[in-house]
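Counting in my numbering, the sequence shown runs from 23 upward without gaps. Heads up, the beta-carbon is just placed ideally off N, CA and C, and yes, glycines get one too. Data first, discussion second: the structure below is written as C-alpha cells.
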Amino acid sequence: MAKEIERKFMVVSDAWRDTAETSRTLVQAYLAIDGETSVRVRILDGDEAWLTVKLGVSEMTRDEFEYPVPLDDARDMVEASRGRVIEKTRHIIKSDAHVWEVDVFEGALAGLVMAEVEMGAEDEAPALPAWLGREVTGDPAWTNAVLATQGWPEGIHL
23 MAKEIERKFM VVSDAWRDTA ETSRTLVQAY LAIDGETSVR VRILDGDEAW LTVKLGVSEM
83 TRDEFEYPVP LDDARDMVEA SRGRVIEKTR HIIKSDAHVW EVDVFEGALA GLVMAEVEMG
143 AEDEAPALPA WLGREVTGDP AWTNAVLATQ GWPEGIHL
C-alpha cells in the first residue's frame, strides 16, 4: 500500500505550458464510490491500464492500492461505469524537489484545469507557482470522483 499525500489547486493561467515536460491522455472511470473510498480504472494513452482503490485518511492523505489490468478488461470496466468517466490530458512539470501534474479536462468538464503536487509528508511546503489559483485540497466537490459523478461544482462554470 502506498500513501498518497497531495495538494490540489485551480489553475488560472497558461504560464505552465512552456515548462511541461511530458503529457499523457487519461480516461478514468469510477466503478464504486462510497464517501472517502473510490475504485477507478484508468487508461493511459490508450495502451496501458490500472485499477486503483483509494481510501481517505485526511484532507491531504489517502491510502492507495494500484494494480495493472489488461487493456481489454479496462475498456469493459469503462463501459460498465455508467458514465462516471473523466477524460483529461495530464501534463508533468518538475519544479525543485516536486512534480506538478496539470490536468486539462475534456468533454463535460472542458475548460477546467487543475494542478496537483504530491508530497512526502503533509507538512511539506512546495514552492507554489504563480499560475496556481485557489487551493481546493480537502474540498470534496473538486475530487475527480465527484467531478465524474456530479460534473461542475454548483455555481462554477467557465
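Beta carbon of residue i nearer than 8 angstroms to that of residue j
i    : j    : result
V107 : A54  : no
E194 : E26  : As displayed, the chain neither begins before 23 nor continues past 180, which places residue 194 out of reach and without an answer.
L131 : W174 : yes
R62  : A51  : yes
E58  : T74  : no
Beta-ladder partner(s) of residue i, from DSSP
i    : result
P90  : W72
Q50  : R64 and I108
E136 : A quick correction: the sequence has Met, not Glu, at residue 136. According to DSSP, which records beta bridges pairwise, M136 is partnered with M32 and D125.
R84  : E26 and G78
For residue j and residue i, the rounded distance between their alpha carbons
i    : j    : result
W122 : R112 : 10 angstroms
F182 : G78  : The chain is shown only over 23 to 180; residue 182 falls outside these bounds and no answer can be derived.
F31  : E157 : 4 angstroms
A102 : T159 : 29 angstroms
P151 : D67  : 27 angstroms
A96  : P90  : 10 angstroms
P162 : E81  : 9 angstroms
S117 : D40  : 13 angstroms
V100 : D36  : 30 angstroms
Q172 : G155 : 22 angstroms
D69  : D94  : 10 angstroms
G142 : W153 : 23 angstroms
L134 : N166 : 12 angstroms
R104 : P148 : 37 angstroms
Environment of residue i [buried if 16+ CB atoms lie within 10 Å]
i    : result
R84  : buried
M136 : buried
M23  : exposed
R29  : buried
R64  : buried
S45  : exposed
Nearest-angstrom Cβ-Cβ length linking residue i and residue j, presumed shorter than 8 angstroms
i    : j   : result
I115 : W38 : 6 angstroms
V168 : V33 : Contact doesn't hold; Cβ gap of about 18 angstroms is too wide.
E109 : V49 : 5 angstroms
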